[in-house]
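Residue numbering for the sequence shown is 5 to 183, as defined by the working numbering. Below: one structure, written as structure tokens.
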Amino acid sequence: MKQIIIKRGASRIVVLLVSAGLVLKFPVISFSGIFKTFDNWRSSIIDREFITDYFFKYSFDYPGTFSFYLFQGIVANIREYRLYRRTKNDFLWPTYLTFFGLVNIQPIGDVVCRSGSDVWDSLYVIAGEDLFADSHTFNKSDNFCHNKDGFLRILDYGAKGVSRVIDKFGCELSKINGL
Ligand SMILES: Nc1ncnc2c1ncn2[C@@H]1O[C@H](COP(=O)(O)OP(=O)(O)O)[C@@H](O)[C@H]1O
Ligand SMILES: [Mg+2]
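Listed below in structure tokens is the structure:
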């Protein structure tokens, strides 16, 4: 079995250190996103001031802005750590620490093998429409793992909409088993 496995997520590169049982999550800067954004900004025909504000000032939550492609991974790391620290909710796979968002450390999880729609359906029974706060996270099975007793856990919870769902339904979600 390989000792080091590297995976690519939406905003982070994840290094699985198998023998240590730990995972390191590093933020990714999307240079292609930055170039595309620059191109859009340069060639934009609508109100220049508005469009400059949009590309440069809006927060990292908006795809299509420079800050999004630069800081998305760092922000995800920081949000993940803070949500875990604040709630210690059982549904969250633990995040042990963050180093200023530049690296996060988690234990290795056993990633769910079922389809994304299987996971979504189980979550939907409990959280319903609230899942649309971050459907990108909740409809991908590789954002989830099992604990040793087979209970479902989320290992990617750095996106903005996830915290609302955890605050409202985390306790019930932590009881999903058998996926
Ligand atoms: N603690 C973990 N244990 C095992 N695999 C993990 C762990 N954290 C992440 N991964 C794997 O790495 C992939 C990317 O990590 P993720 O946290 O989803 O990053 P992103 O926010 O960039 O999508 C996940 O889909 C999962 O397959
Ligand atoms: Mg992910």
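Think of the CB as a built atom: it goes at the ideal place given N, C-alpha and C, for glycine as much as any other residue.
Got a sec: does ligand 1 put a non-hydrogen atom nearer than 7 Å to the Cβ of residue i?
i    : result
PRO2 : Outside the displayed range of the chain (5 to 183) lies residue 2, so it cannot be described from this structure.
Are there any heavy atoms of ligand 2 lying less than 7 Å away from the beta-carbon of residue i, as far as the coordinates show?
i      : result
ALA24  : no
ASP138 : no
ASN81  : no
GLY77  : no
ALA131 : no
Going straight from the alpha carbon of residue i to that of residue j, what length do you get?
i      : j      : result
LEU96  : LEU127 : 14 Å
VAL115 : LYS152 : 12 Å
ILE33  : SER48  : 23 Å
PHE176 : LEU28  : The question names Phe, but residue 176 in the sequence shown is Glu. Distance between the alpha carbons of GLU176 and LEU28: 28 Å.
ARG46  : LEU135 : 36 Å
LYS6   : GLU53  : 52 Å
GLY174 : ILE130 : 10 Å
If you compare alpha carbons, which of the options is closest to residue i?
i      : options                          : result
ARG86  : LEU74, PHE75 and PHE103          : PHE103
VAL166 : ALA137, PRO111 and PHE155        : ALA137
LEU159 : GLY132, TYR100, PHE70 and GLU133 : TYR100
SER63  : GLN76, PHE54 and GLU53           : GLN76
GLY25  : ASP94, TYR58, ILE109 and PHE60   : ILE109
ARG168 : HIS150, SER23, SER15 and SER139  : SER139
LYS40  : ARG89, GLY68 and ARG90           : GLY68
HIS150 : GLY132, PRO98 and ASN44          : PRO98
Near residue i, what residues of its chain come up, given a Cβ to Cβ distance below 8 Å and the 5 sequence neighbours on each side ignored?
i      : result
LEU106 : PHE30, PRO31, ILE78 and ASN81
ILE38  : PHE70, TYR73 and LEU74
I'd like the list of long-range same chain contacts for residue i, defined as Cβ closer than 6 Å, with 5 residues on each side in sequence excluded.
i      : result
LYS164 : ASP65
SER36  : none
Output needed for residue i: all residues of its chain with C-beta closer than 7 Å, excluding positions within five of it in sequence on either side, in chain order.
i      : result
GLY182 : GLY154
Does the structure place the region 111–123 close enough to the region 131–149 that three or more beta carbon pairs sit under 8 Å? Here the region 131–149 lies against the region 111–123, with 3 or more beta-carbon pairs under 8 Å apart.
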